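Asker: In the working numbering, the protein residues as written are 1 to 403.
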Amino acid sequence: MIALLVLLCLILLVIVVIQIGRISEVAGMIRGEEDIERDSNYWNSRLGLVFMVLFLLASVGSAIYYKNYMLGYGPHEAASIHGLAMDQLFNMTLFFTGIVFIITQIILFWFAYKYRGVKGQRALHISHDNKLEVIWTAIPAVVMAILVVFGLNTWNEIMQDIDPDGDHIEIEMTAYQFGWIARYPGADGVFGARDYQQITGRNPLGQVWEDPANHDDMHTNEIVLPVNRQVKFRLTARDVLHSFFLPHFRVKMDCVPGTPTFFVFTPTKTTEEYRRELSKYAEYQVREDPNDPTSPMLWETFNYELACAELCGTGHFSMRMIVRVVEEAEYKAWLENQSSYYLTSIRNTDFDPFKGMEIEIDELSEASEGGDEEEETDLSDYDELEAEAEGSGSLSEVNTNID
Ligand SMILES: [Cu+2]
């Protein structure tokens with residue numbers, strides 16, 4: 001109903017505009033074109049000034065009004081160490097471009113007013129002005145140089161690899177149309193080998209099951225990170241370009257098929273801490289569903305999220321994954337509850353090269369039952385397979401370890 005009314009209003013508005021156009025056309029014929037033009041110059045230049053003032057007020061006003069919803073302001077301070085430097089950089093850029101924006105808008109509308117068409121006034125022609133050209137080349141050049149130098153510096157700091165002495169965790173993320181597969185390396189801390197030719201519905205990452213490092217690797221349906229611990233995300237994609245975007249941590253990196261990338265950062269706020277921060281602001285002290293007084297408060301429903309930031313196809317919007325940042329103890333407890341993909345989906349099926357054999361992972365999974373020492377399984381097949389896969393083409397993702 002409302003849509004219909006809006007449509008009706010729009011149609012009427014168009015008719016009104018057309019009618020006004022016709023009236024002024026007829027009036028022009030009666031009074032003469034020149035008078036009309038002078039009249040319209042007079043009004044347009046003044047209305048332009050009014051528009052400029054309203055537009056600038058609305059720009060600044062809306063920025064202030066929506067401040068607490070924007071990343072970098074209010075409760076949305078970066079939740080990672082490097083994120084603070086990034087926010088500073090953004091603010092510095094906003095400061096310089098903001099000044100330029102306001103000055104150029106004022107000049108634009110002021111000139112349209114000052115140099116409007118007036119009877120008898122002729123335009124002045126200046127072929128060139130050296131002084132003016134030096135000024136408007138030099139000032140932007142200096143400002144751009146400052147922004148680029150600061151930007152490069154910050155970028156180089158952020159793009160460091162892991163701290164070799166530090167204690168960090170590693171997670172591998174594989175993007176596909178349309179979703180993410182998160183892989184944790186398991187107790188051995190090593191990701192098993194991958195071969196893109198082995199990707200099937202049952203083996204979505206193309207893990208080479210002959211590689212024992214794969215046996216304890218876990219696929220998880222959320223990302224859980226311990227707070228204040230460095231994390232290295234190894235990123236890759238299975239089909240097209242995707243982008244690994246964690247807005248609250250100021251993390252963004254492309255996922256490229258066949259070319260592993262990575263991002264290292266340290267989260268500094270748990271999900272709970274972030275929620276508590278949000279709860280201090282009026283914007284988040286409302287019900288999630290305003291019509292339902294029993295629904296949770298908006299701040300209680302907050303979650304960090306992973307989104308795909310590369311328009312990768314029709315299902316792009318659905319590439320969301322929840323990220324939880326928790327205390328170390330909770331992280332350990334969660335990790336212990338995760339089970340290896342090999343054990344849950346592959347072990348002793350037709351896809352298992354060790355079907356029917358006893359291998360090390362069985363011992364680990366039955367550690368509590370106290371199994372005895374197993375004989376080493378012959379893994380020579382695996383080496384052969386790896387060598388074959390490595391030479392098999394540009395898209396080979398045999399091993400995503402990129403140290
Ligand atoms: Cu995507």
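For glycine and all other residues, C-beta sits at the position ideal for the given N, C-alpha and C. Remember, predicted model here, so these are calculated numbers, not experimental data.
1) Given this structure, state the Cα-to-Cα distance separating Asp195 from Arg238, to the nearest angstrom.
2) Provide the residue span of the beta strand (DSSP E) that contains His168, from first to last.
3) With hydrogens ignored, establish whether the beta-carbon of Glu310 is closer than 7 Å to any heavy atom of ligand 1.
4) Please list, in chain order, all residues of the same chain as Thr220 whose beta carbon is under 7 Å from its beta carbon, the five residues on each side excluded.
5) Quick one: Cα of Gly313 to Cα of Ala58, how far?
6) Should Tyr342 be labelled buried (16 or more other beta-carbon atoms within 10 Å of its own) or exposed?
7) Going straight from the alpha carbon of Ile171 to that of Leu235, what length do you get?
8) Below 6 Å CB to CB, which residues in the same chain sit around His242 once its five sequence neighbours on both sides are set aside?
9) Have a look at Glu374 and Asp167 and give me their C-alpha separation to the nearest angstrom.
10) Output needed for Val6: all residues of its chain with C-beta closer than 7 Å, excluding positions within five of it in sequence on either side, in chain order.
11) What are the complete beta strand (DSSP E) segments, minimum 3 residues, inside the segment 122-176?
12) In the DSSP assignment, what are the bridge partners of Pro267?
13) Indicate, with yes or no, if ligand 1 has a heavy atom lying under 7 Å from the CB of Ala182.
14) Rounding to the nearest angstrom, what Cα-Cα distance links Gln198 and Leu205 in this structure?
15) Label Ser62 either buried or exposed according to how many other C-beta atoms from any shown protein chain fall within 10 Å of its C-beta, with 16 as the threshold for buried.
16) Going by DSSP in three states, Ile11 sits in which element: helix, strand or coil?
17) Check Gln285 in the structure and name its three-state DSSP category.
Answerer: On the basis of the coordinates in this document:
1) 11 Å
2) His168 to Tyr176
3) yes
4) Ala182, Tyr184 and Gln338
5) 35 Å
6) buried
7) 9 Å
8) Ala175, Cys255, Cys308, Glu310 and Cys312
9) For Glu374, the predicted structure reports a pLDDT of 41, less than 50, and the residue's modelled location is therefore unreliable. A value from the coordinates is still provided. Approximately 32 Å between the Cα atoms of the pair.
10) none
11) 168-176
12) Ser80
13) no
14) 8 Å
15) exposed
16) helix
17) coil
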